[in-house]
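Working notes for the structure below.
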Amino acid sequence: MKKSYRFFLIITLVFMVITANAQLADSVKRDSTPNAVKIKYTLNKPGTYLPPVILVSYGVLSFVVTPIRHVDYYFKERIARSDPNYSSKIDDYLQIAPGVLVYGLNLVGIEGKNKFVDRTALLALSAAILTITDGTKYLAHRKRPYGTDPLSFPSGHTGAAFVAAEFLAQEYAEKSPLYGVLGYTLASTTGVLRLYGKAHWFSDCVAGAGIGILSTKLAYVIYPYIRGKLTHKDKYGRSTMIMPTYQDGVPGLSFAMQL
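Position one of the sequence shown corresponds to residue 20 (my numbering), numbered consecutively onward.
Structure follows, in structure tokens:
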């Protein structure tokens, strides 16, 4: 697993702890009760999958379509001339900014679509799906712009940033489309900074963006089924529930059954 993915998953867990401890006891109890996932936002309509599929396709085609590959070289040359000495690690933190906003907004009382446990499980599932692209790097075996290693395609930072951006859109765009715009702006900035940091080609970042969006969309499709299996009623009508816990620094699972 790449460093950026590990960082992203660790931050997800940190958000869980900070948010739970920052709220009053009764608020935490209420917000930690799993809520039925609402898969109704327009981002989940079939047509909304087309943009990220196009982004991923563009990245893949860069391996075989010469004009697309030339765009990569164009951006590399332009950046080399305009900012040859650029160096910053801000993209390491900017990639998680949209996710931070989700928890920050909830913390100040602006509730999103799902409660704490559900939204955190959705974010963790999205990040887990994204890690599948780690194997893609080894299959693609593309060298970075300055040949530091052959793990350039796709961009993991950009993927993580767009996972978080889509997460913000899914949770808050029903309240205002500006939340989605802000999330995608932050994610796009992460991709641009990866170019300026000479860590990726343009097509790497484009593909990473598409994979990140699809990862979160897929999580919002899969999670209701997982949620239904973990929280359901048995043949006697008794409710059972399995949910993640974090106590005294130790993550785990709790099981409850109505007697």
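Every residue, glycine too, gets a C-beta built ideally from N, C-alpha and C.
In this structure, A192 keeps its C-beta atom at 8 Å or more from the C-beta atom of L205. With distances taken between CA atoms, G131 lies nearest to K194 out of K194, D168, E96 and D223.
Within its own chain, the residues whose Cβ lies closer than 6 Å to the Cβ of R88, once the five positions on either side in sequence are excluded, are S81, listed in chain order. No residue range can be given for P65, since it is assigned to no alpha helix (DSSP H) and is classified by DSSP as neither H nor E. Straight across, the Cα-Cα distance linking R163 with G128 is about 43 Å. The beta carbon of A180 sits closer than 6 Å to those of Q114, A206 and T209, all from its chain and outside the five residues before and after it, given in chain order.
Minimum Cα-Cα distance from T150 among the listed residues Y165, N133, F135 and T177 corresponds to T177.
Burial is judged here by how many other beta carbons sit within 10 angstroms of a residue's own beta carbon; S222 has at least 16 and is buried. Here the alpha carbon of V79 sits roughly 27 Å from the alpha carbon of G118. Listed in chain order, the alpha helix (DSSP H) runs fully inside the segment 122-206 are 135-149, 152-159 and 175-191, counting runs of at least 4 residues. Residue nearest to P71 within the set V240, R246 and A228 is A228 (criterion: CA-CA distance).
For K217, no alpha helix (DSSP H) run applies, since DSSP gives it neither H nor E. In this structure T235 is not in contact with S174, their Cβ atoms being roughly 16 Å apart against a cut-off of 8 Å.
Judged by beta-carbon spacing, V225 lies within the 8 Å limit of Y77, meaning their Cβ atoms are closer than that value. Residue burial is scored here from C-beta neighbours: I148 has at least 16 other C-beta atoms within 10 angstroms and is therefore classed as buried.
Inter-residue distance for Y244 and N133 is about 15 Å (C-alpha atoms, whole angstroms). G66 counts as exposed, since fewer than 16 other beta carbons sit within 10 angstroms of its beta carbon.
F94 sits in a helix when the DSSP states are folded into three classes. Judged by beta-carbon spacing, G216 lies within the 8 Å limit of D110, meaning their Cβ atoms are closer than that value. By the beta-carbon neighbour count (other beta carbons within 10 angstroms, threshold 16), Y239 is buried. Secondary structure at K108: coil, using DSSP grouped into helix, strand and coil.
For V211, the secondary structure class from DSSP, reduced to helix, strand or coil, is helix. Taking C-alpha positions only, P86 is separated from L233 by approximately 26 Å.
Sixteen is the threshold: when 16 or more other Cβ atoms of the shown chains lie within 10 Å of the Cβ of I230, as they do, the residue is buried. Nearest neighbour of L124 by Cα position, chosen from A188, H219, L249 and Y242, turns out to be A188.
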